[in-house]
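This report concerns only the one structure given below.
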Amino acid sequence: MSSHGTTGEPFATLPIGARPALRRFHQARWDEEIVFELSRPGRRGVGVPAPDAPLVELPEGVARRTPPALPELSQNQVVRHYLRLSQETLGADLNIDVGQGTCTMKYSPKVNDALVRDPRVAGLHPLQPEDTVQGVLEIYWRLEQILKEISGMARVSLQPGAGSAAIYANIAMIRAYHAARGEGEQRDQVITTMFSHPSNAACAKVAGYEVVTLMPDAEGCPDIEALRAAVGPRTAALLITNPEDTGIFNPRIREFVDLVHEAGGLACYDQANANGILGITRARDAGFDLCHFNLHKTFSTPHACGGPAAGACGVAEALVPFLPGPVVDLDGGSYTLTAPERSVGKIRPFLGVTPNVVRAYAWVMALGAEGLREVAETAVLNNNYLMSKVLRIPGASVPWAQRRRVEQVRYSWQELTAETGVHSEEIGVRAADFGVHYWTSHHPYVVPEPFTLEPTESYSREDLDEYAAILAHVAAEAREDPDFVRGAPYRQSVHRIDPGPLDDPAQWSPSWRAYRRKHGGKHGGNHEGMHGEKHGGNHEGMHGG
Numbered sequence: 214m215s216s217h218g219t220t221g222e223p224f225a226t227l228p229i230g231a232r233p234a235l236r237r238f239h240q241a242r243w244d245e246e247i248v249f250e251l252s253r254p255g256r257r258g259v260g261v262p263a264p265d266a267p268l269v270e271l272p273e274g275v276a277r278r279t280p281p282a283l284p285e286l287s288q289n290q291v292v293r294h295y296l297r298l299s300q301e302t303l304g305a306d307l308n309i310d311v312g313q314g315t316c317t318m319k320y321s322p323k324v325n326d327a328l329v330r331d332p333r334v335a336g337l338h339p340l341q342p343e344d345t346v347q348g349v350l351e352i353y354w355r356l357e358q359i360l361k362e363i364s365g366m367a368r369v370s371l372q373p374g375a376g377s378a379a380i381y382a383n384i385a386m387i388r389a390y391h392a393a394r395g396e397g398e399q400r401d402q403v404i405t406t407m408f409s410h411p412s413n414a415a416c417a418k419v420a421g422y423e424v425v426t427l428m429p430d431a432e433g434c435p436d437i438e439a440l441r442a443a444v445g446p447r448t449a450a451l452l453i454t455n456p457e458d459t460g461i462f463n464p465r466i467r468e469f470v471d472l473v474h475e476a477g478g479l480a481c482y483d484q485a486n487a488n489g490i491l492g493i494t495r496a497r498d499a500g501f502d503l504c505h506f507n508l509h510k511t512f513s514t515p516h517a518c519g520g521p522a523a524g525a526c527g528v529a530e531a532l533v534p535f536l537p538g539p540v541v542d543l544d545g546g547s548y549t550l551t552a553p554e555r556s557v558g559k560i561r562p563f564l565g566v567t568p569n570v571v572r573a574y575a576w577v578m579a580l581g582a583e584g585l586r587e588v589a590e591t592a593v594l595n596n597n598y599l600m601s602k603v604l605r606i607p608g609a610s611v612p613w614a615q616r617r618r619v620e621q622v623r624y625s626w627q628e629l630t631a632e633t634g635v636h637s638e639e640i641g642v643r644a645a646d647f648g649v650h651y652w653t654s655h656h657p658y659v660v661p662e663p664f665t666l667e668p669t670e671s672y673s674r675e676d677l678d679e680y681a682a683i684l685a686h687v688a689a690e691a692r693e694d695p696d697f698v699r700g701a702p703y704r705q706s707v708h709r710i711d712p713g714p715l716d717d718p719a720q721w722s723p724s725w726r727a728y729r730r731k732h733g734g735k736h737g738g739n740h741e742g743m744h745g746e747k748h749g750g751n752h753e754g755m756h757g758g
């Protein structure tokens with residue numbers, strides 16, 4: 214066989230097809246029933262029971278009188294069903310996922326998933342005796358030592374099941390600390406900032422505290438004069454994220470901590486945005502008394518559609534007696550579970566989210582100390598490179614001082630919206646037609662028409678160029694034909710979701726039984742009307758998938 218084409222040139226030099234300026238994309242779309250609707254009596258898949266699985270005789274009164282009403286499908290139907298659903302999902306393994314700012318959506322190595330699927334991890338039971346789980350207890354203990362070094366704190370608890378749970382654990386320890394000093398009732402205020410994570414204010418409120426929120430100054434940092442006015446004998450703590458969700462690092466953070474300490478309060482560092490400061494700054498070195506990390510952000514355990522997550526609380530020596538328990542201690546060569554002296558108790562059942570603790574430990578050990586610092590440096594480089602690209606798009610801006618940002622940026626389309634009437638949410642929906650995700654910001658929109666990007670260390674220069682090119686293309690579309698952008702998406706599995714039923718409890722169906730009771734097991738309306746595409750005029754040639 215000849216290795217050349219008809220022109221005589223090597224095949225390697227011949228163009229296969231003209232590559233479009235932007236990647237062609239179209240989400241799969243299946244009119245897929247829910248699994249209960251696919252069920253037919255008597256259908257079975259092929260199951261392979263464990264060869265040594267014992268038969269257990271259930272006590273009288275425990276065994277069901279009738280079998281559970283589980284769906285009955287063949288194995289190929291099950292595989293087909295879930296693969297189709299996965300094809301209708303735009304996930305982190307499929308797209309350049311820099312658009313979920315504040316969530317640190319990095320690539321999670323698949324080898325770590327293989328580790329947690331190992332029977333020695335997946336087969337553990339939380340009620341096993343300590344002497345049968347020494348291996349996993351060692352991982353907990355070792356990860357604590359690593360996080361102590363990263364944060365500078367005296368001890369760490371890995372029990373919280375999420376970042377918000379870790380924040381609540383810190384609030385509980387703050388409350389217990391002041392109560393032990395006889396100031397529990399007096400210190401009833403928690404200070405936070407507008408661009409700290411909303412979970413800080415929410416957890417403080419749930420715990421019964423009055424929340425004082427500091428707004429940004431002209432430079433975009435929390436106003437230190439507002440802090441001076443806020444601190445006093447009622448101050449229980451300052452809860453602050455740094456860098457905040459704008460990507461701005463507060464260079465006066467030590468002054469903030471000192472002001473709170475002078476008033477008798479505690480300083481608590483929300484380090485969910487730690488991806489750009491690993492190995493560079495430490496919470497304790499800035500004087501903080503407590504901190505937390507999100508293992509499902511900075512330490513590369515999967516978000517998994519919002520969970521299962523994992524948090525880590527670090528505390529200075531004075532707060533160690535109040536840590537949530539149990540914690541893992543090393544005693545004479547054995548790992549044991551102990552409860553701190555004045556523990557605030559469990560934040561979740563059992564020890565922690567073991568699969569994510571194992572994943573985080575594997576990720577850190579694969580990188581080492583130098584690798585962790587390189588993660589931060591690459592994340593900062595990627596973020597500022599992407600910012601330079603986005604700011605070249607007419608209509609995009611960055612509020613406050615045009616300084617370099619750390620690991621993310623909260624941008625604004627205010628100029629573009631004023632010119633075209635197209636809003637940030639509509640630009641994000643249109644961006645999905647190019648196979649990428651995009652997020653605006655927490656409410657309220659203090660930054661007008663916001664969009665928040667966080668590249669992390671996972672994405673290449675080519676990835677960032679492509680993402681910026683998509684935003685530039687959609688911004689140009691908004692100027693040329695605003696209605697076309699407002700009509701998006703055109704290449705997704707669904708067009709637009711009617712929010713009405715989401716606000717009507719009478720239509721909610723959290724179970725198959727409720728669905729049959731409320732809706733008779735029938736789909737309402739026209740599938741084509743719900744899923745049908747809407748292309749506008751001569752745009753088909755340019756935009757069609």
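Taking this note's numbering, the leading residue of the sequence shown gets 214, the next gets one more, and so forth.
Cβ coordinates follow ideal geometry from the N, Cα and C atoms, glycine included.
Nothing here was measured: the structure is a model prediction, and the numbers come from that model.
Cβ shell of Ala485 (< 7 angstroms), same chain only, five flanking positions each side left out: Residue 485 sits at position 272 when you count from the first residue of the sequence shown. Within the same chain, Ala485 has close Cβ partners Gly376, His410, Thr454, Asn507, Lys510.
Is the beta carbon of Ala449 sitting closer than 9 angstroms to the one on Leu479? On the sequence shown, position 236 is the one that residue 449 refers to. On the sequence shown, position 266 is the one that residue 479 refers to. Yes; because the gap between Cβ atoms is below 9 angstroms, this pair is in contact.
Near Arg236, what residues of its chain come up, given a Cβ to Cβ distance below 8 angstroms and the 5 sequence neighbours on each side ignored? The residue given as residue 236 occupies position 23 in the sequence shown. Around Arg236: Phe647, Gly648, Glu679.
Assuming Ala379 and Cys481 make a contact with CB atoms under 8 angstroms, what is their CB distance in whole Å? One-based indexing of the sequence shown puts residue 379 at position 166. One-based indexing of the sequence shown puts residue 481 at position 268. Contact doesn't hold; Cβ gap of about 10 angstroms is too wide.
With a threshold of 16 other CB atoms inside 10 Å of the CB of Arg353, please say whether the residue is buried or exposed. In the sequence shown, residue 353 corresponds to position 140, counting from 1. In the sequence as displayed, the identity of residue 353 is Tyr instead of Arg. Buried.
Nearest-angstrom beta carbon gap, Val403 and Tyr422 [assumed within contact, 8 angstroms]: In the sequence shown, counting from the first residue as 1, residue 422 sits at position 209. In the sequence shown, counting from the first residue as 1, residue 403 sits at position 190. That pair is a contact at about 4 angstroms.
Please state if the CB of Ala523 and the CB of Gly374 are separated by a distance shorter than 9 angstroms. Here residue 374 refers to the residue found at position 161 of the sequence shown. Here residue 523 refers to the residue found at position 310 of the sequence shown. Contact flag set, yes.
Cut-off 8 angstroms between Cβ atoms - residues of its own chain near Asp471, not counting five sequence neighbours on either side: By 1-based counting over the sequence shown, the position of residue 471 is 258. Taken in chain order, the residues that qualify are Gly500.
Closest to Glu154 by C-alpha separation, out of Arg699, Glu357, Gly492, Glu475, would be which residue? This structure cannot settle anything about residue 154, because the visible part of the chain is limited to 214 through 758.
What span of residues does the beta strand (DSSP E) with Thr551 cover, start to end? For the purposes of this step, residue 551 is taken as the residue at position 338 of the sequence shown. Unbroken beta strand (DSSP E) run through Thr551: 547-551.
Whole angstroms is fine: what's the gap from Phe512's alpha carbon to Ser287's? Walking along the sequence shown from the start, residue 512 turns up at place 299. Walking along the sequence shown from the start, residue 287 turns up at place 74. Rounded to whole angstroms, Phe512 and Ser287 show a C-alpha spacing of 39 angstroms.
Going by DSSP, which residues form a beta bridge with Phe664? Your numbering for residue 664 matches position 451 in the sequence shown. Bridge partners of Phe664: Tyr624.
Would you decide whether Asp331 is buried or exposed? Buried here means 16 or more other CB atoms lie within 10 Å of its CB. Position 118 of the sequence shown, counting from 1, holds the residue named residue 331. It is exposed - the Cβ of Asp331 has fewer than 16 other Cβ atoms within 10 Å.
Thinking Ala592 and Asn325 are a contact (beta carbons under 8 angstroms), I'd like their distance in whole angstroms, please. Stepping through the sequence shown from its first residue, residue 592 is reached at position 379. Stepping through the sequence shown from its first residue, residue 325 is reached at position 112. With a Cβ gap of about 19 angstroms, Ala592 and Asn325 do not count as contacting.
CB of Ala688 within 9 angstroms of CB of Pro612, strictly: Translated into the one-based positions of the sequence shown, residue 688 becomes position 475. Translated into the one-based positions of the sequence shown, residue 612 becomes position 399. No; because the gap between Cβ atoms is not below 9 angstroms, this pair is not in contact.
The alpha helix (DSSP H) that contains Arg676, what's its start and end? The count along the sequence shown starts at 1 and reaches residue 676 at position 463. Sequence check: residue 676 is Asp here, not Arg. Note, Asp676: alpha helix (DSSP H), 674-693.
Please state whether DSSP places Ile640 in a helix, a strand or coil. If you number the sequence shown from 1, residue 640 lands on position 427. In this structure, Ile640 counts as helix in the three-state DSSP scheme.
Look at Thr405 and Pro429 and say whether their C-beta atoms are less than 9 angstroms apart. Here residue 405 refers to the residue found at position 192 when the sequence shown is read from its first residue. Here residue 429 refers to the residue found at position 216 when the sequence shown is read from its first residue. No.
For Ala485, name the three-state secondary structure that DSSP assigns. In the sequence shown, residue 485 corresponds to position 272, counting from 1. In the structure shown, Ala485 sits in coil (DSSP, three-state: anything other than H, G, I, E or B).
Closer than 6 angstroms by C-beta to Met318: which residues in its own chain qualify, once you throw out the five before and the five after it? Chain order, please. By one-based count along the sequence shown, residue 318 stands at place 105. Around Met318: Ala305, Asp310.
Let me know the secondary structure DSSP gives Ala575 once reduced to three states. Residue 575 sits at position 362 when you count from the first residue of the sequence shown. Helix.
Could you give the residue range of the beta strand (DSSP E) that holds Arg368? Position 155 of the sequence shown holds residue 368. For Arg368, the enclosing beta strand (DSSP E) starts and ends at 368-370.
Local Cβ density within 10 Å of Thr665, reported as buried at 16 or more and exposed below that: Numbered from 1 along the sequence shown, position 452 holds the residue referred to as residue 665. That one is buried.
Can you tell me the Cα-Cα spacing of Gln313 and Glu667, whole angstroms? Working through the sequence shown from its first residue, we reach residue 313 at position 100. Working through the sequence shown from its first residue, we reach residue 667 at position 454. When rounded, the distance between both Cα atoms is 7 angstroms.
Between the segment 555-572 and the segment 640-659, are three or more C-beta pairs nearer than 8 angstroms? no
Helix or strand or just coil, what does DSSP make of Ile535? The count along the sequence shown starts at 1 and reaches residue 535 at position 322. Looking at the sequence itself, residue 535 is Phe, so the reference to Ile does not match. In this structure, Phe535 counts as helix in the three-state DSSP scheme.
Test item: CB-CB of Asp502 and Val540 under 9 angstroms: Stepping through the sequence shown from its first residue, residue 502 is reached at position 289. Stepping through the sequence shown from its first residue, residue 540 is reached at position 327. Not a contact, by the Cβ cut-off of 9 angstroms.
Taking the beta carbon of Trp626 as the centre, do at least 16 other beta carbons fall within 10 Å, making it buried, or is it exposed? In the sequence shown, residue 626 corresponds to position 413, counting from 1. Classification for Trp626: buried.
Continuous beta strand (DSSP E) stretch holding Gln402: start and end: Within the sequence shown, numbered from 1, the residue matching residue 402 stands at position 189. Start and end: 402-406.
Return the chain-ordered list of same chain residues with a C-beta closer than 8 angstroms to the C-beta of Arg555, the five sequence neighbours on each side being excluded. Here residue 555 corresponds to residue number 342 of the sequence shown, with the count starting at 1. So the list reads Ala389, Ala393, Pro534, Phe535, once near-sequence residues are dropped.
Answer with buried or exposed for Ile185, where buried requires no fewer than 16 other C-beta atoms within 10 angstroms of its C-beta. Any property of residue 185 remains undetermined from this structure, which presents the chain solely from 214 to 758.
I'd like to know whether the C-beta atoms of Phe462 and Val619 end up nearer to each other than 9 angstroms. Taking the first residue of the sequence shown as position 1, residue 462 is located at position 249. Taking the first residue of the sequence shown as position 1, residue 619 is located at position 406. Result yes, Cβ atoms of Phe462 and Val619 sit closer than 9 angstroms.
Residues bridged to Gly648 by DSSP? One-based indexing of the sequence shown puts residue 648 at position 435. The partner list for Gly648 (beta bridge, DSSP) is empty, contrary to what the question assumes.
Note down the Cα distance separating Asp711 from Trp243, rounded to an integer number of angstroms. Along the sequence shown, read from residue 1 onward, the residue named residue 711 stands at position 498. Along the sequence shown, read from residue 1 onward, the residue named residue 243 stands at position 30. The alpha-carbon atoms of Asp711 and Trp243 are separated by roughly 19 angstroms.
With DSSP run on the structure shown, which of helix, strand or coil describes Val351? For the purposes of this step, residue 351 is taken as the residue at position 138 of the sequence shown. With the sequence shown as reference, residue 351 is identified as Glu, and Val is not the correct amino acid for it. Note: Glu351 maps to helix in three-state DSSP.
Rounded to a whole number of angstroms, what is the C-alpha to C-alpha distance between Gly737 and Val349? Looking up residue 737 in the sequence shown gives position 524. Looking up residue 349 in the sequence shown gives position 136. Because Gly737 sits at a pLDDT of 40, beneath the cut-off of 50, its placement in the model cannot be relied upon, and the following sentence gives the value as read from the coordinates. Roughly 50 angstroms separates the two Cα atoms.
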